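**Q** Under the numbering used here, the letters of the sequence shown match residues 539 to 865, in that order.
Dropping a structure here in structure tokens format, bear with me for questions.
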Amino acid sequence: MTSRLYKARSFPKGSFLDSELGNNPRFVWKSIYEAKSVMLTGLRWVIDSDRREWGVDVVRDLFNVRDQQCIFNTKPDVNSAVDRLYWSNEVSGIYSVKSAYRLLQKRKELWSVDSNDSIWSKVLWVKTPPKKFVPLPTTCPICHCADETIVHEILSYPFATCCWQLAFPSLQTTIWMDFSSWMVYAMEVCYNIRPAELLTLCWAIWSARNKVVWNQKHPRATNVVASSKQYLLQWISAQKFATKYLFSNQVVEVIGVKEALSCTKQKAWNKVQVESDCLVATQAIRSKVAMSFFCRRVVEDCRKFFTESQTLSSFHIKRSANMAATS
Ligand SMILES: [Zn+2]
């Protein structure tokens, strides 16, 4: 209803993508309009040929005889003969706030040319597991004798210093006034050696600090350093596995769901709930939107299972809640 109202008022003809801000725009419309440039950056058209036939010349140019034969023996998909927009920043082709945020960050990064910012783009491109920092502006909740700055929590408070001495004995961590200068120095000292280890340890120290504050658990510095290394190694090997098989986690998850569904069908089980902690996969399966390419066949097979069997249902659950099942 709201979207129809805005359409009628702001772009009665055409779509949001051709809309204009107009004179004297209302605050809400102005805010929505701000998103247009992001949409234009991230949206792509999937264009299907009217004839629904293989481009014979193109196939002959690109593939060897055996592959050409395989291709010509495969019927092009007739269901996809409609041009449609898809969101290019998500494998599913469906828009998500997370991917738009990532896109904005990337754009910001391209704009930042001054040297102080370049260290952050370096930091952002180092391959490490994803991290979450949630800073709260107070005095240090552990020692209560310094401001809770990022320098104090990650570098200079005794526990942090202890971790740094164990992992990077040559790094100086106690004399710094601001974190970005320390980062410039640290990345210079160890950029070609172990930048990922350095960044993962920052995150591990921060997590350890959170455990003290929120759970009153006091981890040992040796354990924090060891588990930080372990975590990074596991993540690196998981990434290698993913690249080797060219499947993203989401694709693997959808295939997993399909396997589970065909198993329930074979065994004639009813009242089955399928739970997955992969949001993209559950959204793709539950959505009615035709998939552009995100393992489309498998997604459609899953949807068929769900429509055929009224007793099946699917749920997205948080990864943290799934720990018990996967550990
Ligand atoms: Zn402190």
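Every residue gets a Cβ at the ideal spot worked out from N, C-alpha and C, and that includes glycine.
Because the structure is a prediction, the values reported are computed rather than measured.
(1) Do the CB positions of residue 833 and residue 799 come within less than 8 Å of each other?
(2) Tell me which same chain residues have a C-beta within less than 6 Å of the C-beta of residue 706, skipping the five on either side of it?
(3) Under 6 Å, CB to any heavy atom of ligand 1. Which residues pass, going along the chain?
(4) Quick one: grab the DSSP three-state call for residue 723.
(5) By DSSP, does residue 792 sit in helix, in strand, or in coil?
(6) For residue 772, count neighbouring Cβ atoms within 10 angstroms of its own Cβ and tell me buried if that reaches 16, exposed if not.
(7) What does the Cβ neighbour count give for residue 807, buried or exposed, with the cut at 16 atoms within 10 Å?
(8) Can you look up residue 839 in the DSSP assignment and give me helix, strand or coil?
(9) Taking 8 Å as the cut-off, decide whether the C-beta atoms of residue 701 and residue 642 are in contact.
(10) Suppose you measure from the CA of residue 499 to the CA of residue 776; what does that come to, to the nearest Å?
(11) Three or more beta-carbon pairs under 8 Å between the region 601-612 and the region 547-561, yes or no?
(12) List the endpoints of the continuous beta strand (DSSP E) containing residue 813.
(13) Are residue 708 and residue 689 touching if we call contact CB-CB under 8 Å?
(14) Specify, as a first and last residue, the run of the alpha helix (DSSP H) that residue 610 falls within.
(15) Just the C-alpha distance for residue 649 and residue 796, rounded to the nearest angstrom, thanks.
(16) Excluding the five sequence neighbours on either side, which residues of its own chain have a C-beta within less than 8 Å of the C-beta of residue 581, listed in chain order?
(17) When the Cα atoms are used, what is the spatial distance from residue 767 to residue 757?
(18) Would you identify the three-state DSSP class for residue 807, choosing helix, strand or coil?
**A** With the given structure in hand:
(1) No Cβ-Cβ contact shorter than 8 Å links residue 833 with residue 799.
(2) Short of 6 Å from the beta carbon of residue 706, and not among the five residues preceding or following it, lies no beta carbon of its own chain.
(3) That query returns the following residues: 678, 680, 681, 684, 690 and 695.
(4) Residue state for residue 723 is assigned as helix, using DSSP reduced to three classes.
(5) In the structure shown, residue 792 sits in a helix (DSSP, three-state: H, G or I).
(6) Flag for residue 772 reads exposed.
(7) Looking at its Cβ environment, which holds fewer than 16 other Cβ atoms inside 10 Å, residue 807 is exposed.
(8) Here residue 839 sits in helix by DSSP.
(9) The criterion of a C-beta distance shorter than 8 Å is not satisfied by residue 701 and residue 642.
(10) Nothing can be reported for residue 499: it is not among the residues displayed for the chain, which extend from 539 to 865.
(11) Per the Cβ contact rule, the region 601-612 is not in contact with the region 547-561 (fewer than 3 Cβ pairs under 8 Å).
(12) That run of the beta strand (DSSP E) goes 811-814.
(13) No, the pair does not count as a contact, with Cβ atoms beyond the cut-off.
(14) Note, residue 610: alpha helix (DSSP H), 603-611.
(15) Here the model assigns residue 649 a pLDDT of 46, short of 50, so the residue's position is not dependable, and the following value carries that caveat. Between residue 649 and residue 796, the C-alpha separation is close to 43 Å.
(16) These residues qualify, in order along the chain: 555, 623, 624, 625 and 626.
(17) Computed Cα separation, rounded: 15 Å.
(18) Here residue 807 sits in coil by DSSP.
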